Each structure stands twice: as structure tokens, then as C-alpha cells.
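Participant: For the sequence shown, numbering that gives the first Met the number 0 gives the first residue as 0, with consecutive numbering after it.
Got a structure for you, written out below as C-alpha cells; questions coming shortly.
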Amino acid sequence: MFEIRITGTDKLNPYEELIKVFLQPSEYRLIGADDDAKAGELIPKAGAGADSEAIIPLTYRFDGDSDAVKRQIYRDLEQHTGKSPKWGILTGIRPVKLAYELTYGQRRDASSDETAVDSTAARMRTDEILKERYLLHPAKRHLVQEILEYQRQTAGEPAERSLSVYLGIPFCPTRCLYCSFTSNQVGTPEIRRYLQALHREIEYAGAAAAEDGFRVESVYFGGGTPTTPDPDQLDRLLEAMERHFDLSQIREFTVEAGRPDTITEQKLAVLRAHGVDRISINPQSMHQRTLDRIGRRHTVLQTEEAFALAKAAGFDCINADLIAGLPGEDFPDFAQSLERVTALGADNITLHTLAVKRASRLKEMDENYNYKQEVLREEMLAHAAKRLREEGFAPYYLYRQKHTSGSTENIGYCREDKISVYNIRIMEERQSILALGAGGISKIWFPAENRLERIANVSNYEIYIDRIDEMIARKRAKFFGQTTR
Ligand code: SF4
């Protein structure tokens with residue numbers, strides 16, 4: 000048992016995020032400056048079930064440099080546990096964004112007149128900082144810089160007043176075991192009620208975006224599972240998007256079809272007819288026993304059929320999500336799923352590490368699931384990185400999740416430069432995101448201040464329906480009409 004005391008600050012959260020990378024919650028106590036009284040109570044008493052447990056005290060003082068404290072914590076826990084997390088002291092979810100800011104400052108155009116020598120020098124400086132200040136291992140430093148440069152070549156900088164539009168459909172046929180998203184299982188009448196409210200938000204936001212001079216760069220339908228509504232409902236929804244937003248200049252229109260059991264030839268035809276060019280078909284695993292275990296309620300065959308239908312329908316880019324570390328899966332299971340999805344002809348493969356979050360049923364079943372899977376997950380991801388590169392894929396975006404132990408991350412791979420510009424923009428945080436529907440979190444970007452402001456819709460779809468006027472009023476007050484130049 001570690002008793003970790005940090006004085007000089009009452010903000011312990013950033014340190015605890017790092018401590019959790021090394022230790023399970025039951026293995027430490029974190030004590031702040033004002034917790035002296037509590038500390039005595041927290042130490043297990045002899046005979047209280049922890050009599051043979053040694054206390055390892057670690058004490059730190061914050062003097063204005065939180066990274067310095069984190070480096071000390073890292074070094075000490077590395078020594079005590081034998082673990083050496085490859086992301087160093089970084090616990091944030093956007094390491095590529097950090098590398099961008101270190102290398103290029105707040106904003107610089109990819110086609111600016113910086114010389115090759117300057118770029119090289121800047122990248123070397125970034126590498127040094129990632130190593131010395133953040134303690135990143137060489138493989139992670141290289142990965143972050145590789146992805147950053149690839150994004151600059153392929154996505155470029157977001158244009159001034161460009162906009163990503165997100166639209167949330169918070170419904171799925173069933174709820175997966177690990178799900179912590181907004182996902183409801185309802186019938187057609189409820190979906191109809193929701194879509195009526197959503198249409199109102201689309202109508203308002205489309206007109207307001209045009210008035211504000213925004214140009215839509217990409218559209219992303221997420222959820223939930225956006226292909227849960229029936230073909231007519233989807234048709235009307237897409238028609239509303241076209242009527243109220245100027246989509247003539249967009250680079251990408253994604254619908255995260257997600258669950259193969261919601262994909263039909265008719266729905267795919269509707270999507271294509273409205274210009275959707277990128278979809279996700281997310282197998283998560285190509286093993287039936289795993290799908291049954293995690294409550295996906297679709298078959299491997301349905302995934303294969305969905306791919307065949309989508310190819311025949313002419314989608315330019317098909318993404319497939321796979322999850323490393325699903326319950327009951329070993330290394331060969333994961334490796335087989337990867338081979339099968341690659342063979343299906345996916346253009347993007349997004350590798351997720353299973354993050355067991357508070358709201359999931361799996362978390363209720365096994366509090367320490369994340370920690371038990373740590374080593375296996377890393378082996379799976381390392382194998383996938385090697386195999387995907389052999390198959391001609393390149394990593395194009397990356398984010399880290401909270402709630403995973405160790406040093407894992409989620410990475411999107413693409414072939415033939417078929418990136419998802421939306422995914423990149425979300426992680427860059429240098430563009431406004433207009434999010435419609437229940438659970439949507441809009442972000443307005445203030446470039447001069449390098450700052451985003453969040454405007455959230457309610458996540459409960461019934462409350463969203465009831466309070467649609469308020470959602471629209473929030474956008475009017477906080478998203479539109481802002482001076483952001
Ligand atoms: S498909 Fe996604 S959003 Fe729907 S229940 Fe499963 S994990 Fe949740």
C-alpha cells in the first residue's frame with residue numbers, strides 16, 4: 000500500500016491520473032495538503048484486515064511546476080513497481096496536439112515559408128521536450144511526430160471559419176457490455192419524436208451557420224448507431240441536412256453505421272444518394288462467442304455481408320473499429336480478427352483499447368478489469384501496428400483514453416491517404432465543432448486566444464425533446480454570433 004502525500008496544492012487530480020497508470024485504486028491512498036487528519040484514519044490498523052501490509056510513504060511538494068512533481072512520482076513508482084509506462088507523465092488524451100503546439104506554436108500554415116532546416120530543428124526540439132519534460136519513450140515520441148507530419152500533409156490546416164458538424168443519434172438495437180455512450184433501445188415512434196426535435200435544431204443551426212459565415216468542412220453522424228432509424232427516417236434526416244446546410248464544399252460525410260445488424264442495402268442506398276462517402280462498420284471482434292459475450296447481438300456473417308453491401312454501394316472509405324482486450328479474448332483471437340477485417344477491404348481500421356468506464360456494465364462486474372488486461376493489450380496493439388504497416392496502412396490519428404491503465408492508446412490507420420478529416424479536427428482542437436442532437440457538445444474556437452468554449456446539449460434524449468427550444472437558445476447565445484477572428 001502506497002501512501003502518497005502532495006503538499007503545496009489542493010489540486011490532486013492531475014497527479015492521481017498519473018498514479019493510476021501505475022497502481023490499482025486499492026493499492027494507494029492520495030493525501031493532499033489539508034488531509035492530515037484523514038491520513039491517520041486512512042492507514043490500515045492492525046487487525047483491520049491489512050495487518051501484514053506494509054505502508055510505503057511517498058511525499059512531494061508542489062512549488063509551481065506540476066510536471067516536476069509528476070516526474071518525481073513517475074521515477075519513484077517506476078522504481079517501486081518495475082513498470083515504465085511509455086507515455087511518461089502524459090495523461091492527457093491529445094499528445095499529437097501537444098506535439099503540434101511544441102513544434103509549430105499555436106498556428107502555422109502547412110504551406111508557409113518555413114525552411115526544411117527550421118522544421119527539422121523544431122521537430123528535434125519537440126523530441127527533446129517530450130523526452131526530458133514528459134518522459135515519453137522513443138517509440139511514442141516517434142509515433143506522435145509521425146502522425147503529426149502525416150496529418151499536416153493530408154488534412155492540412157483547417158481554413159478560417161471552417162466547421163465540422165456532428166449529429167448524434169442516441170439509439171442502438173441493444174446495449175453492449177462495455178458501453179458508456181448515450182445509447183437507448185426504443186421503438187420507431189420514440190425515434191420519430193426524437194428526429195422531429197432534431198429537425199428543428201438542424202433548421203435553426205443551418206441558417207445561423209450560414210449567417211455567421213461558417214463553411215462546413217465535414218459532417219459526422221455518430222451515436223449510438225446512426226443507422227438505427229428506418230430508411231425513410233434517414234432519408235428525411237439527410238434531406239434536412241442538405242436543405243439547411245450548404246454542403247457543396249465538404250471534404251467528407253461520415254455516417255457511423257457501426258452495428259452491422261442495422262445495415263441494409265436500402266439504408267446504404269439512401270446514404271449514397273445523399274452524398275455520404277465514408278461509413279463505419281464496426282465488428283469490434285470477428286469471433287461470435289465474443290460478440291455474444293459483449294452483447295453486440297450481431298453475427299460475424301452480418302459484418303461480412305455489410306462490407307459486401309457497402310462495397311457494392313460504392314462508398315469511397317469504409318472504416319472498421321476493432322477493440323483490443325475484449326473479455327475472454329486472447330492474443331490469437333485478436334490477431335485473427337485483424338486479419339479478417341483487413342481482408343474484408345477496410346480503408347480505415349481504428350484500433351481501440353477497451354476502456355472500462357464508470358457507466359459500463361463491465362465496470363460493475365469487474366472493478367479492476369483494466370489493470371488485468373494491460374500487458375495483453377499492449378502486445379495486441381504492437382502486433383497490429385506491425386501487421387497494418389505491412390499491409391500498407393499508416394497511422395493518421397491517435398488519442399489516449401482515460402480509464403485505461405498502462406500506456407495504451409487508440410489509433411486510426413488508413414491506406415491510400417484515406418484519412419478522416421473529422422477525426423483529425425476533433426483531436427487538433429483548432430476548428431469549431433457544431434454538435435446537434437442529444438449528447439452533442441459543440442465547441443467554438445477562438446484562434447486569437449487559442450481557446451475552445453464548450454456548449455453542451457443535454458444527453459438524455461427525452462429531455463432533449465422536451466427542451467429543444469432551450470438547446471436552440473443555448474446555441475444562439477453561446478455558439479453563434481461570436482466574434483472569433
Ligand atoms: S454500438 Fe456503441 S453506442 Fe451502441 S451500445 Fe454498443 S458501444 Fe454503445
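For every residue, glycine included, the Cβ atom is placed at its ideal position computed from N, Cα and C.
Because the structure is a prediction, the values reported are computed rather than measured.
With C-beta atoms as the reference, is P259 less than 8 Å away from H297?
Facilitator: Their beta carbons are under 8 Å apart, which means P259 touches H297 by this criterion.
Participant: Buried or exposed: F21, going by 16 or more other Cβ atoms within 10 Å of its Cβ?
Facilitator: Buried is the call here.
Participant: Under a Cβ-count criterion, where at least 16 other Cβ atoms within 10 Å of its own Cβ denotes burial, should V374 be classed as buried or exposed?
Facilitator: Looking at its Cβ environment, which holds fewer than 16 other Cβ atoms inside 10 Å, V374 is exposed.
Participant: Answer yes or no: the CB of S490 versus the heavy atoms of the ligand SF4, is any distance below 7 Å?
Facilitator: The structure shown has nothing for residue 490, since the chain only spans 0 to 484.
Participant: CB of G438 to nearest heavy atom of the ligand SF4: below 7 Å?
Facilitator: Answer for G438: no, Cβ out of range of the ligand SF4.
Participant: Helix, strand or coil: how does DSSP classify D320 here?
Facilitator: D320 falls in the strand class under three-state DSSP.
Participant: Can you tell me whether DSSP reads R414 as helix, strand or coil?
Facilitator: It is a strand residue.
Participant: For S284 versus G257, is the C-beta distance shorter than 8 Å?
Facilitator: Result no, Cβ atoms of S284 and G257 do not sit closer than 8 Å.
Participant: Confirm the yes/no value for this check: CB of G223, any heavy atom of the ligand SF4, distance under 7 Å.
Facilitator: Answer for G223: yes, Cβ within range of the ligand SF4.
Participant: By Cβ distance below 8 Å, which residues in the same chain neighbour S83 in space, the five residues on each side in sequence not counted?
Facilitator: The answer, listed in chain order, is E77 and H136.
Participant: Let me check you understand the geometry: is the CB of C413 closer than 7 Å to at least one non-hydrogen atom of the ligand SF4?
Facilitator: No, the beta carbon of C413 sits no closer than 7 Å to any heavy atom of the ligand SF4.
Participant: For L41, which of helix, strand or coil comes out of DSSP?
Facilitator: Unreliable placement is indicated for L41, whose pLDDT of 45 sits below 50; no coordinate value is reported for it.
Participant: Check whether the Cβ of Y133 lies closer than 8 Å to any Cβ atom in chain D.
Facilitator: Absence of chain D from the displayed structure is noted, only one protein chain being present.
Participant: Using DSSP with H/G/I as helix, E/B as strand and the rest coil, what is P13?
Facilitator: Helix at P13.
Participant: Does K442 come out as helix, strand or coil in the three-state DSSP assignment?
Facilitator: Correct three-state label for K442: strand.
Participant: Quick check: is any heavy atom of the ligand SF4 less than 7 Å from the C-beta of C175?
Facilitator: Yes, Cβ of C175 sits closer than 7 Å to a heavy atom of the ligand SF4.
Participant: Just checking my contact of T352 with L380 at CB under 8 Å: how many whole Å lie between their CB atoms?
Facilitator: Going by Cβ atoms, the distance from T352 to L380 rounds to 7 Å, so yes, they are a contact pair.
Participant: Could you give the distance in angstroms between the alpha-carbon of W86 and the alpha-carbon of D126?
Facilitator: Answer to the nearest angstrom: the Cα atoms are 13 Å apart.
Participant: Could you name the residues of the same chain whose beta carbon sits closer than 8 Å to that of R214, not counting the 5 residues immediately before and after it, in chain order?
Facilitator: Around R214: A158, R160, S161, L162, D245 and Q248.
Participant: Can you list, in chain order, the residues of its chain whose CB lies under 7 Å from that of I345, leaving out five sequence neighbours each side?
Facilitator: Sequence inspection shows Ala at residue 345; the Ile mentioned does not correspond to that position. I317, N318 and A319.
Participant: Would you check whether the ligand SF4 has a heavy atom nearer than 7 Å to the C-beta of C316?
Facilitator: Flag unset: Cβ of C316 not near the ligand SF4.
Participant: Enumerate, from N- to C-terminal direction, the unbroken beta strand (DSSP E) stretches of 3 or more residues contained entirely within the segment 263-343.
Facilitator: Entirely contained in the segment 263-343, the beta strand (DSSP E) runs reaching 3 residues are, in chain order, 277-280 and 316-323.
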